Each structure stands twice: as C-alpha cells, then as structure tokens.
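J.:
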Amino acid sequence: MLLGSLLVLLLLGTAGTASAHAALESTDPADGSVLKSAPRTVTLTFSESVALLDDSFRVYDPDNRRVKTSSAYHAKDVGDTASVTLPAKLGTGTFTVAWRVVSADSHPVSGAFTFSIGKPSATTTPITTAPTEDPLTASLYDIARYFAYIAAALLIGTATFVALCRPPNPSVLNKPIRLGWWTLLAATVVLLILRAPYEAGTGLATAFEPSAIPKTLTSRPGLALAARVLLIAATAFFLLRLRGRERFGRVALGTGALLAVGLALTWASAEHASAGIQVPVAMTSAVLHLLAMSVWLGGLTALLTVLYRSSDLDAAPVARFSRLAFASVTVLVVTGVYQSWRGLGSWNALTGTSYGRILLVKLGAVVLLLAVAGWSRQWTGRMVGADVRLRVPELVRAGVATGADGAVTVSTGAGAGAGDGEGVSNPGDGSQEQDRGDGSQDRYRRGLRRSVLFEVGVGVVVLVITTLLTNTLPGRAAADAQQTATPAGIPAASVTTVPFRVGNAGGKVQITLDPGRVGLNSVEAVVYGPDGGFATVPELRLSFTLAAQKIGPLDANIKDEGGYWGTNSLNLPIAGTWTMKVTVRTTDVDQVSVERQVRIVR
8 MLLGSLLVLL
18 LLGTAGTASA
28 HAALESTDPA
38 DGSVLKSAPR
48 TVTLTFSESV
58 ALLDDSFRVY
68 DPDNRRVKTS
78 SAYHAKDVGD
88 TASVTLPAKL
98 GTGTFTVAWR
108 VVSADSHPVS
118 GAFTFSIGKP
128 SATTTPITTA
138 PTEDPLTASL
148 YDIARYFAYI
158 AAALLIGTAT
168 FVALCRPPNP
178 SVLNKPIRLG
188 WWTLLAATVV
198 LLILRAPYEA
208 GTGLATAFEP
218 SAIPKTLTSR
228 PGLALAARVL
238 LIAATAFFLL
248 RLRGRERFGR
258 VALGTGALLA
268 VGLALTWASA
278 EHASAGIQVP
288 VAMTSAVLHL
298 LAMSVWLGGL
308 TALLTVLYRS
318 SDLDAAPVAR
328 FSRLAFASVT
338 VLVVTGVYQS
348 WRGLGSWNAL
358 TGTSYGRILL
368 VKLGAVVLLL
378 AVAGWSRQWT
388 GRMVGADVRL
398 RVPELVRAGV
408 ATGADGAVTV
418 STGAGAGAGD
428 GEGVSNPGDG
438 SQEQDRGDGS
448 QDRYRRGLRR
458 SVLFEVGVGV
468 VVLVITTLLT
478 NTLPGRAAAD
488 AQQTATPAGI
498 PAASVTTVPF
508 RVGNAGGKVQ
518 ITLDPGRVGL
528 NSVEAVVYGP
538 DGGFATVPEL
548 RLSFTLAAQK
558 IGPLDANIKD
568 EGGYWGTNSL
578 NLPIAGTWTM
588 KVTVRTTDVD
598 QVSVERQVRI
608 VR
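Per this note's numbering, the very first residue in the sequence shown carries number 8; after that it's consecutive.
Given below as structure tokens:
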C-alpha cells in the first residue's frame, strides 16, 4: 500500500511546476451585452497578473473597420486587468473586441467578444479575430523549450555525477557536459530571439526587427532568459577552471550548486511557479523539483556513458549514484505532491480537464520509469556484490587474513549483493575467484547498461510530457474560470439560434437570455433573413414551458424595440430544461412556430 501511494505521489510530483495560465474572468462591457450609450473604456479582468503588448486590443466596428483606441494599460494600476480607451463617438451596432495578453507564467492567451450599442447589428467581423497565432513560431518555440529542459538535465546531472559519484575516468563525461552546455546555450538564445514573435503571435520575420529584443528584455520572461545566458557563460568559466581535476573541494562544490540553483531559478521565475497562490513556496518547490529531475535523469545518462566507455569502472560510483538517485526521487515526491495539489485543485480535474488527462498519461510513463529504475537497482546490487567478492581475495593475499596452510574460504550471503548465498573458494592464489568475479562483473555491467538505456529513454518521454504540461491550462485555473465567468469568445448569456421557414421564405431568430439563470432575465430576439441580414417581421412571440414541473407556458411579452424584440421582465422561477416556443409571423396570414430546449441554471 505504501509503495502504491508513493508511485501516485511521484507521478503527481513529476507534473512540472504547475499553477495557472491567466484565465479571463470578466469583461466590461459584458460579452453579448447591449448598451444604451457608447462605453469610454473596455476592461478585462484575469485570474492572475498579465503583461500587455503593443497590440493587446483590436476593436472592430460593425463594418469590420478597426476602431482607433489608446494604448493598452492596467486599470487602476491593477496587474490582473487590461484596459483600453475608446473614442467618444462609436456609432451604433455590434462591435468586436479581440485581445491578446501574456500570462504571468509567460504564456500568451487571447480571445474575442462582442458588445452592441443601441441595438445588435449584422457584423462581418469573425468572433475569433485576434493577432494570428503563427504555427511555425509557436512550434519552434516549443521545440526550443524541450531542448532547454533536456540540456539542463544533461549538464547539471552529468556534472553532479562527476563531482559526487567520482567515476574512475571522468574524462569520458567531458563530451556530454559540453553537449549539454552548447545545447542549453543554443536553445536559450533561440528562445530569446523568438520571444517577441511568440508573444505577439506573428511570423519569424518580426523576430529580427530592431525593436524585438529590446521589447523582450523589458518583460519578466525576457529578463529570465537573459539571466540564463549570463549564468551559462559563468558555468563555462567555472567548468574550464575545474578541467582535469578528479576531486573537488567545498568551494568548488558550493559554487557549482549555486550555479545550478541559479539556472533552475530562470525557469521558476518566469513560468507557472511565478503566478497563482503561494508563490514563494511554489518557487522553492519548482527549483528543487527541477534540480532533482536533472540529477536523476542527467545522472542516468552519465552512468550510461561511463558503463559503455570506461572499461575500469568498479561498483563504487554505481553504488554512490544509486543513493543519489534515491535522494532525488524523494525530493521529487515531496515537491511533486505540493505542485500537483497547487495545479489540479481537485480530483475531478484529473479527468475533467486537458491538464489532468495529460497528467494521467504521465502516470503511465512514470510508473514505467520507476519499474525500469527498480530493474537497474537490482543490477546495481549484483554488480556491487560481485565487486565485493572480487576484492576480498586481494585483501587476503595482501596479508589481511590467511589460514595456516594459506588457503582461504570466503562466504557471501544475500547481503553482499549476489542474492544467492553462494560460497566462493580461493585455493590460495585467488585465480579461480578472479576468473569467476570478472565474468560476473561483465555480465552485470551488460545488464545494467540495458536497463539504464531503457530508463534514459523513458525519462526523455517524461520530460517531453512535462513540457506539454507547462503549455496546458492547469485544472485549478480552468475550474476557477468556469466558476467565475465564461471565457472569451463564448457569450456570457444563453444564446439560442432558431431557424424557421414559412412557405418559400426562411430565416433565423437569435434569442439571448441574460443571464440565463433562475429569476429575472432580459430577452433580446433578432430576426435575420435568408441572406444573413436583418429582417423585420410584423409579429414575434416567445413563450417558455417547464413540463416536468407543469409550469407554463409563460409568455415573455417581448416588444418591437426597433430592430430587435425584447423585454427586461421575463421571470423563470425554477432551474431546468425549458421548452422555448418561438412564433414568427411574416405576413398577415403566414406564421410558423418552432420549439427549442433551453437550459436554465441556478
């Protein structure tokens, strides 16, 4: 039971530094609202602080012409708001607002909504109008993020393996360290260059505009990337100073640890951990989580390299890494439990959100990773046991222990790592045990190579899934957004489109119930002709029936308001699925009635 609990906790722990993308909580004017006069400002409120872009707002009039507005700003200097000032004279009809901001966790979010002045009107502006998300820019940025994670793990984990596990021939790890350093530098530079077009959703050409890098360096993600470049340069200087050493003092170990923590902070300070609840605790947890992941997975790569390239590897470095890996997994469990609670918010989010479903996929990957790690640990134990059996006769021949006749018998049990309790006999010169020990070492080394190779492969998959999670709206944020308001692009009120046909003529009626909840509702019904334009009809009636409760029909008593039909006094007293009956009279003698189901919530 304890092992099963730890597996679940470890999975949740490897969910990455989770908190929240910015979720739109409300808009002013409200989405789908009809105003009597033009508003002076448009204000959006988010679930976390957001950064504003030069093109954060695009406002379009009913004829799809862009409205000239002020630059975007934070309303009342509150970081979780975004506002823009509108011109004094807007005219009447339906206006479309497209917006794009950058979350505090560095991810851009965008959407659109509409409001009307005077009365709704036909509009040719698509509701999704916003700065276009360039797929090539977004893909390249995500790829660079993947490589940055993998390179950090390789660099930090390999360097830690050299310093703490002390392999007999550390020079074979120089190439992995250089590969990790160069890959991390290249990925970081690419991220820095692509940051401006990634935020704006534009093509690669805008990355080379003169203002692109200066703009990037004014944002928190840009500053974090710039700091990472400086730390990478400092790491190169540090590694060059230590080149050729086989032992490291406290100053060297402390300096290396500070550089690793600094690199981890460049992720934590600009991504999920920097936004949401309990930011100081989350930042600390994120740093420890990234470092533990790097030491474990990067150390595995270093171990695999040594196993293949170093012929004189004994069991001691393998045993040291086994203990180091166990400590890393412990840190992953502790930090992961906290991060998963912070990101998910509830058990329902595991299956009810994209974040939770990706997390479940990661569960399978992590369980497989731990199974392979257990396999590697078994081979490690056998290798250590064989090494013990190999070294004891050497100590005997050196005069540590001999019998009267010079013959020595060494007994090993399961505690020695062999696991079979086999007695090993030395006839005096140690030749028999030397041969058997060497054969065991080679066999155990080959087995450990295979298991570690598989473990590294699964670890890379886990890293890729982790990066996907950092690009996904966490469950807690998704639930908060659903409870507080409707996201952009979806009407805040209940909107139903009812098509109708009378003889050879047809059209549709768009009916808005605001707020679409129990109690008083306003009704706005707009009639459209077959060409999509506004149409006038001599009569439009609307009634509601809740058959399950034997209520109705309730006449909405809508009136012609000059362009649309409406009322502010429709009272729907009970939640449930109501039958809405729409009657359209097109001439003195032609009319049709159509029914639709409408969900009314509390």
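In this text, a Cβ means the ideal position worked out from N, Cα and C, and glycines have one as well. Computed from a prediction, not measured in an experiment: that's the story for all the values here.
Does the Cβ-Cβ distance between Phe328 and Gly306 come in under 7 Å?
T.: The residue you call residue 328 lines up with position 321 of the sequence shown. The residue you call residue 306 lines up with position 299 of the sequence shown. Their beta carbons are under 7 Å apart, which means Phe328 touches Gly306 by this criterion.
J.: Short of 8 Å in beta carbon distance, which residues of its chain neighbour Leu201, apart from the five on each side in sequence? Order them along the chain.
T.: Translated into positions along the sequence shown, residue 201 becomes position 194. Counting only Cβ-Cβ distances below 8 Å, and skipping sequence neighbours, we find Thr144, Leu147, Tyr148, Ala151, Leu211 and Ala214.
J.: Is it true that the CB of Thr50 sits closer than 7 Å to the CB of Ala29?
T.: As a first step, residue 29 is located in the sequence shown; it is residue number 22 there, counting from the start. As a first step, residue 50 is located in the sequence shown; it is residue number 43 there, counting from the start. Taking 7 Å as the Cβ cut-off, Ala29 and Thr50 do not qualify as a contacting pair.
J.: From Pro494 to Pro36, what distance separates their C-alpha atoms?
T.: Against the sequence shown, residue 494 aligns to sequence position 487. Against the sequence shown, residue 36 aligns to sequence position 29. Since pLDDT at Pro494 reaches only 40, below the 50 mark, its modelled position is unreliable, and the value read off the structure follows with that caveat. Approximately 14 Å, taken between the alpha carbons.
J.: Using only alpha-carbon positions, find the residue among Ala170, Ser113 and Gly559 that is nearest to Arg252.
T.: Translated into positions along the sequence shown, residue 252 becomes position 245. Closest by alpha carbon: Ala170.
J.: Exposed or buried, Ala582, counting other C-beta atoms within 10 Å across all chains shown (16 or more means buried)?
T.: On the sequence shown, residue 582 is found 575 positions in, with the first residue counted as 1. Exposed: under 16 other Cβ atoms inside 10 Å.
J.: Does DSSP classify Ala293 as helix, strand or coil?
T.: Position 286 of the sequence shown holds residue 293. In the structure shown, Ala293 sits in a helix (DSSP, three-state: H, G or I).
J.: Using three-state DSSP, classify Asn181 as helix, strand or coil.
T.: The residue you call residue 181 lines up with position 174 of the sequence shown. Note: Asn181 maps to helix in three-state DSSP.
J.: Give, in chain order, every unbroken run of the alpha helix (DSSP H) that is at least 4 residues long and sits entirely within the stretch 498-538.
T.: List check, alpha helix (DSSP H) in window: nothing returned.
J.: Given Leu527, which residues of its chain have a CB within under 8 Å of its CB, disregarding the five upstream and five downstream residues?
T.: The residue given as residue 527 occupies position 520 in the sequence shown. Correct list, in chain order: Asn575, Ser576, Leu577 and Asn578.
J.: Relative to the alpha-carbon of Asp521, which residue among Ala95, Val469 and Ile607 has its alpha-carbon at the smallest distance?
T.: Within the sequence shown, residue 521 is the residue found at index 514, counting from 1. Checking every option, the nearest Cα to that of Asp521 belongs to Ile607.
J.: What separation, rounded to the nearest whole angstrom, lies between the Cα atoms of Val463 and Leu304?
T.: Residue mapping note: residue 463 aligns to position 456 of the sequence shown, counting from 1. Residue mapping note: residue 304 aligns to position 297 of the sequence shown, counting from 1. If you take the alpha carbons of Val463 and Leu304, they lie about 7 Å apart.
J.: Beta-carbon separation of Val5 and Thr76 under 7 Å?
T.: What the structure shows of the chain is the stretch from 8 to 609, and residue 5 is not part of that stretch, so it cannot be assessed.
J.: So what's Glu206 in DSSP terms, helix, strand or just coil?
T.: Position 199 of the sequence shown, counted from the start, is the residue given in the question as residue 206. Glu206: helix per DSSP, three-state reduction.
J.: How would you call Thr593, buried or exposed, if buried means at least 16 neighbouring beta carbons within 10 angstroms?
T.: Residue numbering aside, residue 593 sits at position 586 when the sequence shown is read from its first letter. So Thr593 ends up on the buried side.
J.: Please state whether DSSP places Val596 in a helix, a strand or coil.
T.: Within the sequence shown, residue 596 is the residue found at index 589, counting from 1. Note: Val596 maps to coil in three-state DSSP.
J.: Could you check the C-alpha separation between Val541 and Pro69 for me, to the nearest Å?
T.: The residue you call residue 541 lines up with position 534 of the sequence shown. The residue you call residue 69 lines up with position 62 of the sequence shown. It is Phe, not Val, that sits at residue 541 in the sequence shown. In a straight line, the C-alpha of Phe541 is about 13 Å away from that of Pro69.
J.: Using CA coordinates, which residue listed in Gly570, Glu568 and Ala563 is at the minimum distance from Thr590?
T.: Sequence index remark: in the sequence shown, residue 590 carries index 583 (1-based). Nearest of Gly570, Glu568 and Ala563 to Thr590, Cα basis: Ala563.
J.: Report the residue from Ile220, Leu246 and Val596 whose alpha carbon sits nearest the alpha carbon of Arg185.
T.: Against the sequence shown, residue 185 aligns to sequence position 178. For the residues Ile220, Leu246 and Val596, the minimum Cα distance to Arg185 belongs to Leu246.
J.: What is the DSSP secondary structure of Tyr148, reduced to helix, strand or coil?
T.: One-based indexing of the sequence shown puts residue 148 at position 141. Three-state DSSP puts Tyr148 in a helix.
J.: Which residues does DSSP pair with Met587 in a beta bridge?
T.: Here residue 587 is taken as the residue at index 580 of the sequence shown, counted from 1. Bridge partners of Met587: Phe551 and Arg603.
J.: Measuring only the C-alpha atoms, how far is Leu237 from Leu375?
T.: Reading the sequence shown from its first residue, position 230 is the one you call residue 237. Reading the sequence shown from its first residue, position 368 is the one you call residue 375. Roughly 37 Å between the two C-alpha positions.
J.: Are at least three pairs of beta-carbons, each pair with one atom in the stretch 119-128 and one in the stretch 158-173, less than 8 Å apart?
T.: Cβ pair count under 8 Å is below three, so no.
J.: Let me confirm a value: Lys43 is counted as buried when at least 16 other C-beta atoms fall within 10 Å, else exposed. Which label applies?
T.: Looking up residue 43 in the sequence shown gives position 36. That one is exposed.
J.: Taking Cβ to Cβ, would you say Ala105 is nearer than 7 Å to Arg65?
T.: Counting from 1 along the sequence shown, the entry for residue 105 is found at position 98. Counting from 1 along the sequence shown, the entry for residue 65 is found at position 58. For Ala105 and Arg65, yes; Cβs fall inside 7 Å.
J.: Applying the criterion that 16 or more other CB atoms from any shown protein chain within 10 Å of the CB defines a buried residue, is Pro142 buried or exposed?
T.: As a working note, residue 142 is residue 135 in the sequence shown. Exposed.
J.: Are Pro177 and Thr312 close, meaning C-beta to C-beta below 7 Å?
T.: As a position in the sequence shown, residue 177 is number 170, starting the count at 1. As a position in the sequence shown, residue 312 is number 305, starting the count at 1. No; because the gap between Cβ atoms is not below 7 Å, this pair is not in contact.
J.: Answer with buried or exposed for Ala499, where buried requires no fewer than 16 other C-beta atoms within 10 angstroms of its C-beta.
T.: Against the sequence shown, residue 499 aligns to sequence position 492. Reliability fails at Ala499, whose pLDDT of 49 lies under 50, so the model's placement of it is uncertain and the value that follows must be treated cautiously. Label assigned to Ala499: buried.
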